[in-house]
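Okay, so here's the structure we're looking at.
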Amino acid sequence: MTQDTQRPTLKVILHAPTAEAFERARSNATNLKRAAPDADVRIVANAQAVAAALDTAPSDLDALTWVCPNTLSRIGRDNREPLEVLDGPAVIEMARMQQAGWIYIRA
1 MTQDTQRPTL KVILHAPTAE AFERARSNAT NLKRAAPDAD VRIVANAQAV AAALDTAPSD
61 LDALTWVCPN TLSRIGRDNR EPLEVLDGPA VIEMARMQQA GWIYIRA
């Protein structure tokens, strides 16, 4: 299949609510960016995946990773750069992103 230059840029949310899902999301993001370098990809971590994101060795994928502020507060941890903190709860931010045309994938 050839790439159609008329297609809009892919915008993909990879949702990771667990440590295992966070690992899968990172693998999915790597594969997606390799196949579609222009894709806009966000790994959204909440629940147990937030601690996994904070504790995982730094990676280029950190720049694509957004963590839930509610979970950060609940576990009493501070964010580390270059991870980003969502403006609001992950569930609301993912709903807003989907309204804006992002594709949701549960990792």
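For the sequence shown, counting from 1, position 104 maps to 104 in UniProt numbering; every step adds exactly one. Backbone N, C-alpha and C fix where the C-beta goes; we use that ideal spot for every residue, glycine too.
Is residue i helix, strand or coil by DSSP?
{"i": "Thr71", "result": "helix"}
{"i": "Asp38", "result": "coil"}
{"i": "Ala16", "result": "strand"}
{"i": "Thr30", "result": "helix"}
{"i": "Ala45", "result": "strand"}
{"i": "Ala57", "result": "coil"}
{"i": "Gln99", "result": "helix"}
{"i": "Arg80", "result": "coil"}
{"i": "Arg24", "result": "helix"}
Residue i bridges to which residues according to DSSP?
{"i": "Arg106", "result": "His15"}
{"i": "Glu85", "result": "For clarity, residue 85 is Val in the given sequence; the question names Glu instead. Bridge partners of Val85: Val67."}
Less than 8 Å between the CB atoms is what I'm expecting for residue i and residue j, so what's the real figure, rounded?
{"i": "Thr9", "j": "Asp38", "result": "6 Å"}
{"i": "Ala107", "j": "Asn28", "result": "6 Å"}
Is the number of C-beta pairs between the region 4-22 and the region 34-53 that are closer than 8 Å three or more?
Three or more beta-carbon pairs drawn from the region 4-22 and the region 34-53 are found closer than 8 Å, and the two stretches are therefore classed as touching.
Do the region 76-85 and the region 49-68 touch if we need at least three Cβ pairs shorter than 8 Å?
Contact holds between the region 76-85 and the region 49-68, because three or more Cβ pairs, one in each stretch, are under 8 Å apart.
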